[in-house]
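Shown next, in structure tokens, is the structure this report addresses.
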Amino acid sequence: MISILSREWSAKSSIALPEKFRRTRSGSNDIMTGWRSHGSGFDYEGKLASLGKNVVIEDGVRIFFPEKVHIGSDVYIGHNSILKGYFDQTLKIGEGTWIGPQCFIYAAGGIDIGENVGIGPGVTIMSSGHQVLDSPEPILHMPLQFARVVLGDGCDIGANSVILMGVTIGSGVQIGAGAVVTRNIPAGAVAAGVPARILKTYHEFQA
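Its first residue numbered 90, the sequence shown is counted upward by one per residue in my numbering.
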């Protein structure tokens with residue numbers, strides 16, 4: 090069904106877009122020609138790089154490139170979350186971590202999630218993005234760049250937050266709901282907003 094819908098969308102889009110926006114990496118005039126399915130993401134059982142004890146993976150969870158995904162013991166992954174390893178990068182989830190429902194975690198640039206991390210519902214973590222160049226080409230077709238994301242032990246990521254590529258969030262950090270984190274947050278800080286800004290730092294984490 091997904092493939093059929095994609096072809097229908099492609100046909101309509103190729104009519105509406107100007108010629109210069111209808112070229113893909115392969116040089117075709119069909120904007121969707123270069124895409125291919127990643128599969129269902131449901132066939133990860135027995136294929137994970139490592140899997141600890143007492144792990145709960147709820148219904149609807151999809152895991153892509155499972156051979157690049159490491160899940161520690163006592164981890165919870167909520168309904169309908171999507172975890173994506175990458176062919177040359179890994180997604181590591183430390184022991185005792187809780188991931189809420191409907192999260193999207195994409196490890197194209199590598200993602201390391203520490204131990205006892207709380208990740209609220211609807212959180213997005215991205216470790217890649219398109220370069221924005223001075224070019225008439227759509228941003229979608231510009232070169233990709235990659236940078237590892239690190240979440241320190243014991244940090245808490247509020248619901249619907251977005252963590253962008255290259256960010257390191259220190260141990261014990263609290264990120265407010267709906268924040269967009271574009272830069273590193275030091276250990277023990279409380280940060281919120283768009284873009285996220287540090288509101289305070291707990292004394293026990295201060296230098």
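The C-beta atom is built at its ideal place from N, Cα and C for all residues, glycine as well.
Item: Determine the DSSP secondary structure at lysine 289, reduced to helix, strand or coil.; Value: strand
Item: Across which residues does DSSP place histidine 159 in a beta bridge pair?; Value: Ser139, Lys181
Item: By the 10 Å Cβ neighbour count, where 16 or more other Cβ atoms means buried, how is valine 221 classified, buried or exposed?; Value: exposed
Item: Taking the Cβ atom as the reference point for each residue, do glycine 167 and glutamate 147 lie within a distance shorter than 8 Å?; Value: yes
Item: What's the C-alpha gap between glycine 267 and valine 206?; Value: 17 Å
Item: Quick check: does the Cβ of leucine 180 come within less than 7 Å of any heavy atom belonging to the ligand FMN?; Value: The model on display carries no ligand, and the ligand FMN is accordingly not part of it.
Item: Check histidine 219 in the structure and name its three-state DSSP category.; Value: strand
Item: Measure the C-alpha to C-alpha separation of valine 256 and alanine 285 and round it to an integer number of angstroms.; Value: 12 Å
Item: For aspartate 245, count neighbouring C-beta atoms within 10 Å of its own C-beta (all shown protein chains included) and say buried if the count is 16 or more, exposed if not.; Value: buried
Item: For asparagine 273, I'd like the list of residues in its chain whose CB is within less than 8 Å of its CB, leaving aside the five on either flank, ordered along the chain.; Value: Val256, Thr257, Ile258, Gly259
Item: At the level of alpha carbons, what is the spacing between glutamate 204 and valine 262?; Value: 13 Å
Item: Judging by CA-CA distance, which residue of Gly128, Lys173, Gly243, Val279 is the nearest neighbour of leucine 137?; Value: Lys173
Item: Which of helix, strand or coil does DSSP assign to leucine 240?; Value: strand
Item: So, under 8 Å CB-CB, methionine 254 and valine 239 are touching, yes? Tell me the CB distance rounded to an integer number of Å.; Value: Not a contact, Cβ separation roughly 11 Å.
Item: Suppose you measure from the CA of alanine 278 to the CA of glycine 243; what does that come to, to the nearest Å?; Value: 12 Å
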